[in-house]
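Residue numbers (our numbering), protein chains in the order written: chain E, 18 to 647; chain P, 18 to 647. From the three backbone atoms N, C-alpha and C, an ideal C-beta is built for every residue, glycine too.
2 protein chains.
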Amino acid sequence: MSDRKEFRDLVPPAEAHRTIDSLDLEPDAETVPLEDARGRVLAERVDADVDVPGFDRASMDGYAVRARDTFGAEETDPAELEKVGEVHAGAEPDVEVGEGECAEISTGAVVPDGADAVVMVEETDETDGVVQIRKAVAPGDNVMFAGADVAAGQRAIGPGTRLTPREIGLLSALGVETVPVRGKPTVGIISTGDELVRPGESLNHARGEIYDVNSYTIATAVEEAGGDPELYPHAGDDYEEMENQLRRAAEECDLVLTSGSTSASAVDVIYRVIEDTGELLLHGVAVKPGKPMLVGRVGQSAYVGLPGYPVSALTIFRTFVAPAIREAAGLPEPRTATVTGEMAVRERYSEGRTRLMPAGLVEDEAGRTLVYPVDKGSGATTSLVEADGVVEVGPDTEYLAAGEEVEVQLFSPDVRPPRVLGVGEDDPALSRVLDRVQNPRYLPFGTREGLRRLRDGVPDVAVAAGPLERDVDSVELGAWTREWGLVVPEGNPEGIDGLATLVDRDLRFVNRGTASGMRRSLDAALDVLADEREATRRDLEGEIDGYGLTVKAHESPARKVLAGDADAGLGLRATAEKLGLGFVPVGEETVRVLANPERMEKAGVADLDAALADVDEILAELPGYGDGAE
Amino acid sequence: MSDRKEFRDLVPPAEAHRTIDSLDLEPDAETVPLEDARGRVLAERVDADVDVPGFDRASMDGYAVRARDTFGAEETDPAELEKVGEVHAGAEPDVEVGEGECAEISTGAVVPDGADAVVMVEETDETDGVVQIRKAVAPGDNVMFAGADVAAGQRAIGPGTRLTPREIGLLSALGVETVPVRGKPTVGIISTGDELVRPGESLNHARGEIYDVNSYTIATAVEEAGGDPELYPHAGDDYEEMENQLRRAAEECDLVLTSGSTSASAVDVIYRVIEDTGELLLHGVAVKPGKPMLVGRVGQSAYVGLPGYPVSALTIFRTFVAPAIREAAGLPEPRTATVTGEMAVRERYSEGRTRLMPAGLVEDEAGRTLVYPVDKGSGATTSLVEADGVVEVGPDTEYLAAGEEVEVQLFSPDVRPPRVLGVGEDDPALSRVLDRVQNPRYLPFGTREGLRRLRDGVPDVAVAAGPLERDVDSVELGAWTREWGLVVPEGNPEGIDGLATLVDRDLRFVNRGTASGMRRSLDAALDVLADEREATRRDLEGEIDGYGLTVKAHESPARKVLAGDADAGLGLRATAEKLGLGFVPVGEETVRVLANPERMEKAGVADLDAALADVDEILAELPGYGDGAE
């Protein structure tokens, strides 16, 4: 353990890049069938070893002639030639063209011996085996000579060429059946952490199990960078088994990746194997979130240890590892790997080291890309789909000003800014509206956060529920009402009949957070009840067991009730019916879709507006919903 | 046959797009394992059906506590708690935290019952089972509550979302094992033409066989557009078999493509099957090269007939078919599918219909994209790799001016402009230099064409061999000499000892075209011989059988000799030795690599310059080559 501390000097990012480059991941070239060569990179030059075409080929339907027999022919004084046969494409000519003779020929057929040109059929008339030629041709006319397209011995495609459809076409023309291509580096991915379970298996919550997010995320990113990912299973808390997997991966792969283990013992295994078989080159990079990054060798394989949080793991992979995989595969950085945009908001830093800031993108009405920071290191998986990429901020940068130009390294060349960005209340009708819109992004952070961000000018729309605190400069695209109240177990066994029951009896309640519009509706109803009782709302809150227990999403309190963990939860009639629970109505609140007035001409906003025009269909399917007519 | 004529009214391109759109290629959705979902498009919304995390999770290493037990704790007055146990990630807590108690906890572990916060290990000291807490925490500190990341019931990812690594990550977090994705349209490709042979098989030149270029080209392009290509073999000239293949493909695929048959009978089969089982919706589009395009239905499948020339087939596919496949697969047009550039030269049109002009790209020193037309409908396969994409030119456009802005639809989103573009003499030393340069494009069109284009300012470099006719404004990057003469059969059976032998005896010669620098060297040598004999060069030319027989590439004459079709060919000592032939030296000529002075700062030109610095290594390996010192 004391050894490890020596490496605690964080190295600058540039040195980390150099260290990874020095690992030399390049696999041997391989040979693949032509039909599997798309997207691969040619390992060596391919020369033509045949002429294309391999024979003198008619490039028109017509008659093969000796050109000199047509000299002087014209409309009013055609040459007359005797037809001595026919030649079709794919057939060997069984005729020779002598002086004063011709042969009918189809496009692609072999020009028969004796002939040196083809007269187009449109310039001829044939009667009883005699062909009138109304236009003279020169030798070579309408003939593609052998090798005229590609000549044997010519350099056809050079090493390093990426094989797109057109190169596949040229290789086809040369009759190439298998193609020498750069190998794809094999990248082993080992999940470390006893609590990780593969998707598809079932979780034991009591043991604190969670699904393994990084393995598939990084495997997909490896594939996208041109590598060949290999997932290694890790057997529970058996460290001997883990050590075996690590050694096996190092033998089988060009590069082995692990992603941050939460368990010190797993880290110990990694150190032990590195010490036994290889070398630790770097421990910790002076970049947030790269501090825990490891680089070294395990046996003959390169090794990189990534951080554990999914966004951090993908960030470090994107920044340090993907370029090395692409380099090894011979692939250039995709042209769509970065975009330039301007900061939508001011962002302060106090790190003193390079920061890789996860960022989301949104386009303004003029099509400019705006960049806003997401995820402040929460480790949340949801940040994965909120962030489009990463902005590298230098260690001496104290802040990025709103409007400042920044470069965003996208998490994937296929990432695109959403067509429409919304923030606000979590609502099932809205979710269905979004299903009808192309490439939306909706951040269900609650009414308060939606309105705050709308004021900052970042999103295209905010969705607000419940009483609006103050005016926001916005255009209402649509509105509807939803019935809210207390979700209770089926049959309402406690006989709850409203908020008063919660105050007066000892029942377990589950609330929503203050960002939620529904929480504002609840608090407004409590104000009314407090007035009736000549008490303060705070008095009543203190009487409700669980008033302070807030959960994230609109269904979450209902699910607590469903699980038997609560007697009542704040929620919607629609949710209660969906989950087969009871419902005690308290009120009705309005949900409003409010657009940023400066984005009204944006195509995605128009899409959303169009989808909202049909919202009645959706409202009709949801119990407790009504159109917004007030 | 007469029916067919009815359809000869060419429809405008927009109508062709509409007709293809109306075919509705969309296949059924399918379900794929998460690890195969990269790049696919989600078919339906995925909601979270679990909380992430599924339990209250420690987000730091430290001690799980009841927050109120720490209230008031500070450095000088720590709270003291009794440690009652330990909880590790992936293990079920076997401890409950009561008043005045705490439990050691590792990141990711389940917060045990009774505790509501975690104190970071850095803020504590443990001695003999007593833990000193030096900093107060609030309830929830360093705990990620169940569902705080993703809550069960939340909308996670909407339909139509393309699955990149980050979405795969979120789906992993939700434990999703299989994913509902949009189906890929299955596209059957049938090669029609008796002369076509699959790459890898051997060609019978006597029968005029050529390799099938379009099948693999289009299959690759189908894959790139998000379809699933299926190649159907076509059995020789057996039309019954071809009809069977067409019917089978129509049953098995969403779309069937054929590419232009050169044989009228194959077209008849296509018509017959369309008439029997489907409907012909469109025959011929008013766009060059789309005239022969067919659109219709064969049975339940959509059908499009593409032109036969490879560049034309890929152009029509790119313009009309790829968008329909992408639409069916739910994929957006790639952001890199088009580039904007300016015309490098003036280009005239006299079509009167829309033209899809194949175009090459080159970047100028400032990184602007210049666009130049390639391939004037020659049908050459080589144009496939010379053209980067297509410029659509409206029917009323008479010309595009040099400098005019145009949009180029790239043949593949992976197409990039070459880093360096050269035109000129075909030379084996140059080919080896190019192998050491990243992404070059070299058009071996001969010295004359190279110099002409350099004067027009299009390429970065020209390569010239032989006597230079007139000065070109250029910078010489490198030069070497090569020995040229007559390539003859091994052992020189005819005892040829120079050009005089060709003039004086009845021998079969093979020449190079006038664009070639070596041809200029030959003609200069003939001038000298003519002077000696007091004749004109033209007199001597007339005496050489085959002087007018010119072939394309520098090796081509030698290969004619090798094949026994000629007694002597114009060529290089290096070629004669490579092919094991005899060589009669005539002279030495200089090969010069001449750069466009305005491109000297371009990275690709610098690469080439660097590679030329080591040309001596290459020259040493090639017989008859020397450094350019004159």
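With distances taken from CA atoms, which of E/L417, E/D548, E/L485 and E/Y256 is nearest E/R372?
Answer by Cα proximity: E/L417.
Quick one: complete alpha helix (DSSP H) runs, 4+ long, within the stretch 332-418 of chain E?
The stretch 332-418 of chain E contains these whole alpha helix (DSSP H) runs: 339-346 and 399-403.
Given this structure, state the Cα-to-Cα distance separating P/L611 from P/R554, to the nearest angstrom.
Rounded to the nearest whole angstrom, the C-alpha separation of P/L611 and P/R554 is 30 Å.
Go ahead and label E/A155 buried or exposed: buried means 16 or more other beta carbons lie within 10 angstroms of its beta carbon, across all protein chains shown.
E/A155 is exposed by the Cβ-count criterion.
Write down the C-beta distance between E/L331 and E/F428 rounded to the nearest angstrom, noting that I regard them as a contact closer than 8 Å.
Yes, they are in contact, since the Cβ atoms of E/L331 and E/F428 sit about 6 Å apart, within 8 Å.
Which value, in whole angstroms, describes the spacing of the CA atoms of P/T279 and P/F462?
Because P/T279 carries a pLDDT of 49, less than 50, the predicted location of this residue cannot be relied on, and the following value inherits that uncertainty. Annotation: P/T279 to P/F462 spans about 28 Å, alpha carbon to alpha carbon.
If we count the other Cβ atoms within 10 Å of its Cβ and call it buried at 16 or more, is P/A106 buried or exposed?
Counting the other CB atoms within 10 Å of its CB gives P/A106 a total of 16 or more, which places it among the buried residues.
Secondary structure at E/G502, three-state DSSP: helix, strand or coil?
Strand.
Quick one: what does DSSP say P/V454 is sitting in, helix, strand or coil?
Of the three classes helix, strand and coil, the one that applies to P/V454 here is coil, per DSSP.
I'd like to check one pair, E/V622 with E/R616: are the Cβ atoms closer than 8 Å?
In this structure, E/V622 lies closer than 8 Å to E/R616 by Cβ.
Residues in the stretch 308-319 of chain P having any Cβ partner in chain E nearer than 8 Å
Answer in chain order: no residues at all.
In the DSSP assignment, find the beta strand (DSSP E) that holds P/Y256 and state where it starts and stops.
If you look at P/Y256, you'll find it isn't in any beta strand (DSSP E); it sits in the alpha helix (DSSP H) that goes Y256 to E269.
If the cut is a Cβ gap below 7 Å, which residues of chain P does E/H222 touch?
Neighbours of E/H222 in chain P, taken as residues at a C-beta separation under 7 Å, are given in chain order as G71 and F72.
Extent of the continuous beta strand (DSSP E) run through E/M137:
If you look at E/M137, you'll find it in the beta strand (DSSP E) that goes A134 to M137.
How is E/M161 classed by DSSP in three states: helix, strand or coil?
In the structure shown, E/M161 sits in a strand (DSSP, three-state: E or B).
Within 10 Å of its beta-carbon, does E/S276 have 16 or more other beta-carbons around it, so buried, or fewer, so exposed?
E/S276 should be labelled buried.
Could you have a look at P/H105 and say whether DSSP puts it in helix, strand or coil?
P/H105: coil per DSSP, three-state reduction.
Please tell me whether P/G483 and P/S573 are closer than 8 Å, where the distance is taken between their beta carbons.
It is not a contact, given that the beta carbons lie outside the stated cut-off.
According to the neighbour-count rule (16 or more other Cβ atoms, all chains shown, within 10 Å of its Cβ), is P/T124 buried or exposed?
Answer is buried; the Cβ neighbour count reaches 16.
Would you mind telling me which residues of chain E sit closer than 8 Å to P/D229, beta carbon to beta carbon, in chain order?
The contacting residues are S189.
Three-state secondary structure (DSSP) of E/K152
In the structure shown, the three-state DSSP call for E/K152 is coil.
Collapsed DSSP secondary structure at E/G643 in the structure displayed
Of the three classes helix, strand and coil, the one that applies to E/G643 here is strand, per DSSP.
Nearest-angstrom beta carbon gap, E/G217 and E/A65 [assumed within contact, 8 Å]:
No, E/A65 and E/G217 are not in contact; Cβ-Cβ is about 50 Å, not under 8 Å.
Candidates E/L471, E/D443, E/V601 and E/L557: closest to E/L503 by CA position
Considering only alpha carbons, the answer is E/V601.
May I ask which residues mark the beginning and end of the alpha helix (DSSP H) holding P/V239?
Taken as a continuous stretch (DSSP letters only), the alpha helix (DSSP H) holding P/V239 covers N231 to E241.
Please state the DSSP three-state secondary structure of E/I513.
When DSSP states are grouped into helix, strand and coil, E/I513 belongs to the coil group.
Quick check on P/E558: does DSSP put it in helix, strand or coil?
In the displayed model, P/E558 falls within a helix according to three-state DSSP.
What residues from chain P crowd round E/Q426, counting only those whose CB sits closer than 8 Å?
Correct list: empty, because the minimum Cβ distance to chain P is about 13 Å.
With contact counted as at least three CB pairs below 8 Å, one residue from each stretch, are the stretch 522-542 of chain P and the stretch 619-636 of chain P in contact?
Short answer: they don't touch.
Quick one: what's got a C-beta closer than 6 Å to E/D78's C-beta in the same chain, skipping five residues either side?
Excluding sequence neighbours, E/D78 sits near S123, T124 and V138.
Might you give, ordered along the chain, the residues of its own chain that have their beta carbon closer than 8 Å to the beta carbon of P/P50, omitting 5 neighbours on each side?
Excluding residues within five positions, the ones whose Cβ falls inside 8 Å are E194, T195 and V196.
Tell me whether E/A570 sits in a helix, a strand or coil according to DSSP, three-state version.
If DSSP states are grouped into helix, strand and coil, E/A570 belongs with coil.
Output yes if chain E places a C-beta closer than 8 Å to the C-beta of P/Q455; else output no.
Interface residue, yes.
Within 10 Å of its beta-carbon, does P/R35 have 16 or more other beta-carbons around it, so buried, or fewer, so exposed?
P/R35 comes out exposed.
Please report the straight-line C-alpha distance between E/S189 and E/E260, rounded to a whole angstrom.
C-alpha separation (whole angstroms): 47 Å.
Could you list which residues in chain E have their beta carbon closer than 7 Å to that of P/K569, in chain order?
Under a criterion of Cβ atoms nearer than 7 Å, the residues of chain E adjacent to P/K569 are, in order, G164, A165 and A168.
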